[in-house]
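Q:
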Amino acid sequence: MNLDAKNEMTWCPGCYNFLILASVKKALTELGLDRSKIAIVTGIGCHGKIYDYLNTRGIYGLHGRVLPTAMGIKLADPSLTVIGFAGDGDTYAEGMEHFIHAGRYNTNMTLIVHDNQSFSLTTGQATPTSQQGYKNKAQTLGEFNKPINPVHLALASGASFVARCNARDTNHTIQILKKAIKHKGFSFVEIIQHCLIYNKETSGFDKLMYKIKDNNANMKKAMFLAEEWDYNSKTGKIPLGIFYQERKPTLEEKWQKKLK
Ligand code: SF4
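Counting from 1, position 238 in the sequence shown corresponds to residue 571 in our numbering; the numbering is continuous, with no gaps.
1) Cβ of N350 versus every heavy atom of the ligand SF4: is any distance shorter than 7 Å?
2) By the three-class DSSP mapping on this structure, what secondary structure does A559 have?
3) Take G365 as the anchor and find which of E430, N335, A550, L529 has the nearest alpha-carbon.
4) If you run the structure through DSSP and keep just helix, strand and coil, what is Y425?
5) Quick one, which of L541, S493, G347 has its alpha-carbon nearest N549's?
6) Say yes only if the C-beta of Y531 is nearer than 7 Å to one or more non-hydrogen atoms of the ligand SF4, and no if none qualify.
7) Is I445 helix, strand or coil by DSSP?
8) Which of the three DSSP states is assigned to E579 in this structure?
9) Quick check on this structure: which residue in H485, D385, L361 has the alpha carbon closest to the alpha carbon of N664?
10) Rounded C-beta distance between T414 and I371? I'm assuming under 8 Å.
11) Measure the CB-CB distance between S399 and G422 and report whether it falls below 8 Å.
12) Would you call the stretch 430-440 in contact with the stretch 392-410, where contact means no fewer than 3 C-beta pairs closer than 8 Å?
13) Please report the straight-line C-alpha distance between C528 and S463, rounded to a whole angstrom.
14) Does the stretch 510-521 come into contact with the stretch 439-453, if we say contact requires no fewer than three beta-carbon pairs (one atom in each stretch) closer than 8 Å?
15) Give me the Cα-Cα distance between Y393 and F452, rounded to the nearest whole angstrom.
16) Considering only C-alpha positions, which residue in the set E534, L408, D547 is nearest to S566?
17) Taking contact to mean at least 3 C-beta pairs separated by less than 8 Å, is the stretch 403-420 in contact with the stretch 472-487?
18) Please classify F576 as buried or exposed, where buried requires at least 16 other C-beta atoms within 10 Å of its C-beta.
19) Please find out if some non-hydrogen atom of the ligand NAD comes closer than 7 Å to the beta-carbon of N449.
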């Protein structure tokens with residue numbers, strides 16, 4: 334399957350988005366999916382340019398609206414493999430309400446969040462996952478507020494597949510993406526992807542990362558692992574891997590049952 338698109342690359346040279354793109358292409362190729370049956374949706378942010386570089390169908394959408402657009406596509410044609418790409422600002426600020434309800438609804442689709450803890454496309458303002466004290470053009474005195482923990486939030490919202498990986502570790506990311514796309518239900522994959530230009534303080538987090546074994550439906554364990562890192566501290570441990578996975582009825586299945 335040739336997923337290469339011929340558009341000019343406008344990410345900064347060396348940006349970790351290139352690694353995410355490579356991981357996505359490899360995961361889709363190894364899954365052997367029919368390219369015409371893949372639909373992608375992107376939001377607004379540096380991540381969104383992935384739309385131009387992946388030769389699939391879909392919609393380059395609005396800021397924060399990846400999830401409702403992806404859900405609409407899936408409900409209109411359940412035979413499609415639907416994948417949403419979004420940024421941390423996109424998902425946890427403008428799109429926060431959609432993120433919570435996506436967990437509740439459990440539509441059979443995948444959300445991949447490129448989390449660089451910064452609104453990098455618009456020159457580095459703080460997002461809901463930026464660490465306290467992060468100084469930028471908009472918050473010259475530093476971010477006052479504590480970051481949210483999206484992994485914890487996804488678990489609390491009922492997401493049936495919750496995982497985190499590191500963009501720099503492509504082999505691990507490919508394996509997680511394959512499992513997320515194969516999972517029947519709403520899959521959330523948070524990819525830690527440091528920006529080379531803004532919020533460079535986060536680039537040292539790699540040394541805190543470690544891999545966990547796939548966790549199935551043990552919520553207590555998943556919550557414990559999610560709490561190990563609060564997106565704020567520069568110490569402690571950052572677990573990577575599948576925090577939670579459970580087969581639950583999807584929105585499409587619940588809907589079909591009602592129609593009978
Ligand atoms: Fe990548 Fe940051 Fe450049 Fe955006 S601003 S393309 S996230 S390095």
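Ideal placement from N, C-alpha and C gives every residue a C-beta, glycine not left out. Remember, predicted model here, so these are calculated numbers, not experimental data.
A: Walking through what the data contain:
1) Here residue 350 refers to the residue found at position 17 of the sequence shown. Flag set: Cβ of N350 near the ligand SF4.
2) The residue you call residue 559 lines up with position 226 of the sequence shown. In the three-state reduction of the DSSP assignment, A559 falls in the helix class.
3) Your numbering for residue 365 matches position 32 in the sequence shown. The shortest CA-to-CA distance from G365 to any of E430, N335, A550, L529 is the one to N335.
4) Residue 425 sits at position 92 when you count from the first residue of the sequence shown. Reduced to three states, the DSSP call for Y425 is helix.
5) As a first step, residue 549 must be located in the sequence shown, where it is residue number 216. In terms of Cα proximity to N549, the closest of L541, S493, G347 is S493.
6) As a first step, residue 531 must be located in the sequence shown, where it is residue number 198. The ligand SF4 has a heavy atom closer than 7 Å to the beta-carbon of Y531.
7) In the sequence shown, counting from the first residue as 1, residue 445 sits at position 112. Residue state, collapsed to three classes: strand.
8) Counted from its first residue, the sequence shown places residue 579 at position 246. E579 falls in the coil class under three-state DSSP.
9) The shown model of the chain, from 334 to 593, leaves out residue 664, and the question about it has no answer.
10) Counting from 1 along the sequence shown, the entry for residue 414 is found at position 81. Counting from 1 along the sequence shown, the entry for residue 371 is found at position 38. Correct: roughly 5 Å between the Cβ atoms.
11) Locating residue 399 in the sequence shown gives position 66, counting from the first residue. Locating residue 422 in the sequence shown gives position 89, counting from the first residue. The sequence shown places Val at residue 399, not Ser. No, the pair does not count as a contact, with Cβ atoms beyond the cut-off.
12) In short, these stretches touch, since the Cβ pair count reaches three.
13) Mapped onto the sequence shown, residue 528 falls at position 195. Mapped onto the sequence shown, residue 463 falls at position 130. Between C528 and S463, the C-alpha separation is close to 12 Å.
14) Segments in contact, yes.
15) For the purposes of this step, residue 393 is taken as residue 60 along the sequence shown, with counting starting at 1. For the purposes of this step, residue 452 is taken as residue 119 along the sequence shown, with counting starting at 1. Looking at the two C-alpha atoms, the distance is approximately 18 Å.
16) Locating residue 566 in the sequence shown gives position 233, counting from the first residue. Cα-wise, what sits closest to S566 is E534.
17) Because the criterion of three Cβ pairs below 8 Å is not met, the stretch 403-420 and the stretch 472-487 do not touch.
18) Taking the sequence shown and counting its residues from 1, the one referred to as residue 576 is at position 243. It counts as buried.
19) Although the ligand NAD was asked about, the structure shown includes only the ligand SF4 as ligands.
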